[in-house]
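The next block holds one structure in the form of structure tokens; read it before the comments.
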Amino acid sequence: MSSLLCWLKQPAFFISVSAVAFTALLSLSLSSLLSEDEAQATVSPEPPSPDPAPRPVAPAQSAPIPVGNTLGFAPIAGDPFAPWPEDGRETLLTFVQLSDTHVGRGKDHEAFASAIRVINRMDPQPTFVMITGDLTDSFTKAQIKLFKKLYNRIKATTYLVPGNHDVMFNTNASRISWWEREFPSFKTPYRVDVGPMALVGIDSQLWNARRKSRSADKIADQQWDEMERLVTAATDEGKRVFIFDHIPPMPTFYRQRIARSWKSDRMRDYLSLIKAQGVEADLSGHVHRDELYVEGKTLFLNAPPISEKYTRLASMRLFRVTPQGLTYRQIYLRRRGKHLSYQMDLHGVDEASYDRWVNGMDDASLAKVWQVRHAGERDVERWFPRIDKKRFRSYLLDPFDHQPQRGMNTRFSKLRLRRGSMASPE
Ligand SMILES: [Fe+2]
Ligand SMILES: [Fe+2]
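Residue numbers for the sequence shown follow this note's numbering, so the first one is 3 and each next one is one higher.
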């Protein structure tokens, strides 16, 4: 029994590893990412195609979702919208996180529209929806118009934060004004209280290492001060604080893309702040991958995209908030013959328990998580036998770039953000 529980628990944490291993394997495509992200070319979005037939919700007779595996991972063989497990916990509310809709890129708007149809059919409705940036592909007027047209269809209250494709990595005062003009309700930072939660939305691009424009320096400093104030006040009021951003506050999940992350001093200060204030979770997007990491007691939850850019399959996250913590379901909108969706129970997870699970994982569990982790990508199975298991495991434990790298990466190895217990794999 204990070994079963162990198996159920362990794979969850591989979800954070695969980012880096996959990086090595797909370095070519990632390097092409750089130029794509930089490009802010005008894209004429295609008009939304006629709504396809609504995706039927899986029948009620589907296999039940496994229960009892707190702090664990379980593939969903049945209905991903089935009631939450009877585990003695009260469901305080549910919410949906979408990320990286990239409206304007090819037919990504269709995936967004599909997600909206699914959300609008949920019963009960989620208390809110959060879209964590890269709302559009290049923030042209046409793309913004199309995004708003779709966004306005969402029945649940929906919150937004900007991504680098909306305000650019090297954002400036003009881009910030543009954002605030188009989405005045989401001038960052903002705080919204929902039940026991305080949601704090920020613009991570203001603190991006690639931001050179001095015109946004003051805005960036103001956002920092205001965010600190909002987080501290919410904590003092006994709220459970959830910070939503676009680029995760990590040196990198893709080792070669470190220059795209936050400025190192901001990242360090942010980690100090969230630890001191007991922030429950940082929820982000941007890397178009499925990531999980735990620092202290704070969860770093990085959601895969709606956009099918970089070969991902569109998916969304449905969260359940209980008095004790979180569970989420990663729900793929198109399964392509596979059951890709899974449930992740994060009740009681902290850094120590997370490390224990990762270190206790065997190769069979690793393979399982690898497959699920990369479910949205092509040719997943054939890569696993070729990966370096030791390195893969170490990535799970330490996304803080435990390996000295050339160029920008080496700067972060000096920040002492790494776990002291992590041995360099090579
Ligand atoms: Fe994106
Ligand atoms: Fe992004």
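Cβ atoms here follow ideal geometry from the backbone N, Cα and C, with glycine treated the same way.
Answer yes or no: do S101 and I146 have a C-beta to C-beta separation smaller than 9 Å? no
Alpha-carbon spacing of A211 relative to K311, whole angstroms: 23 Å
Can you grab the Cα-Cα spacing for the pair K220 / P191, in whole Å? 14 Å
Is Y344 closer than 9 Å to F432 when the C-beta atoms are compared? What is shown of the chain runs 3 to 428, which leaves residue 432 out entirely.
Restricting to runs no shorter than 3 residues, where is the beta strand (DSSP E) found entirely within the stretch 74-113? 75-77 and 95-100
At a cut-off of 8 Å, is D292 close to ligand 1 when judged by its beta-carbon and the heavy atoms of the ligand? no
Residue from R314, A283, H349 and S263 whose Cα sits closest to the Cα of R213: S263
Find out if the Cβ-Cβ distance for the pair S309, A113 is shorter than 9 Å. yes
With 16 other CB atoms within 10 Å as the buried threshold, where does S179 fall? exposed
For H288, verify whether its CB is less than 8 Å away from any heavy atom of ligand 1. Checking the Cβ of H288 against ligand 1 gives yes.
Is the beta carbon of D136 within less than 8 Å of some heavy atom of ligand 2? yes
Using DSSP with H/G/I as helix, E/B as strand and the rest coil, what is G240? coil
Whole angstroms are fine: how far does the CA of P251 sit from the CA of V289? 12 Å
Tell me M170's beta-bridge partners as DSSP assigns them. For M170, which the question treats as bridged, DSSP gives no partner whatsoever.
Going by the CB atoms, is the gap between S206 and V233 shorter than 9 Å? Not closer than 9 Å, so no.
On the criterion of 16 or more Cβ atoms from any shown chain inside 10 Å, does S317 qualify as buried, or is it exposed? buried
Have a look at V281 and F246 and give me their C-alpha separation to the nearest angstrom. 11 Å
Give the DSSP-derived three-state secondary structure of A211 in the structure shown. coil
Between the alpha carbons of R216 and N174, how many angstroms are there, rounded? CA-CA distance, R216 to N174, rounds to 7 Å.
Taking 8 Å as the line, does the beta carbon of K311 fall inside it for any heavy atom of ligand 1? yes
With a cut-off of 8 Å, do at least 3 Cβ pairs link the stretch 321-331 to the stretch 89-99? The answer is yes - the stretch 89-99 touches the stretch 321-331, with three or more Cβ pairs under 8 Å.
Tell me, please, which residues DSSP counts as bridged to A283. F244 and L301
Of the listed residues K189, G135, T159 and R155, nearest to F171 (C-alpha basis): With distances taken between CA atoms, F171 lies nearest to G135 out of K189, G135, T159 and R155.
Alpha-carbon spacing of D81 relative to I333, whole angstroms: Approximately 10 Å, taken between the alpha carbons.
So what does DSSP say about L315, is it helix, strand or coil? coil
For K150, which of E184, G165 and L315 has the nearest alpha-carbon? E184
Closest by C-alpha distance to W181, when choosing among D227, A200, T142 and A117: Comparing C-alpha distances from W181 to each of D227, A200, T142 and A117 shows the shortest one belongs to T142.
C-beta atoms of T138 and L148 nearer than 9 Å: yes
Within the same chain, show all residues whose beta-carbon is closer than 6 Å to that of M269, passing over the 5 residues directly before and after it, in chain order. P251
Is D102 near ligand 4, in the sense that its beta carbon is under 8 Å from a heavy atom of that ligand? Ligands in the displayed structure: ligand 1 and ligand 2; ligand 4 is not one of them.
Using only CA atoms, which one of T300, K299, A278 and A305 lies nearest to G287? A305
Between E239 and the rest of its own chain, which residues show a CB-CB distance below 8 Å, the 5 nearest in sequence each way excluded? A200
Buried or exposed for P49, going by 16 or more other Cβ atoms inside 10 Å? Reliability fails at P49, whose pLDDT of 39 lies under 50, so the model's placement of it is uncertain and no value is given.
Closer than 8 Å to a non-hydrogen atom of ligand 1 - does that hold for the CB of G106? no
Do H167 and ligand 1 come close, with the Cβ less than 8 Å from some heavy atom? yes
Boundaries of the beta strand (DSSP E) in which L328 is found, first to last residue: First-last of the beta strand (DSSP E) with L328: G327 to Y334.
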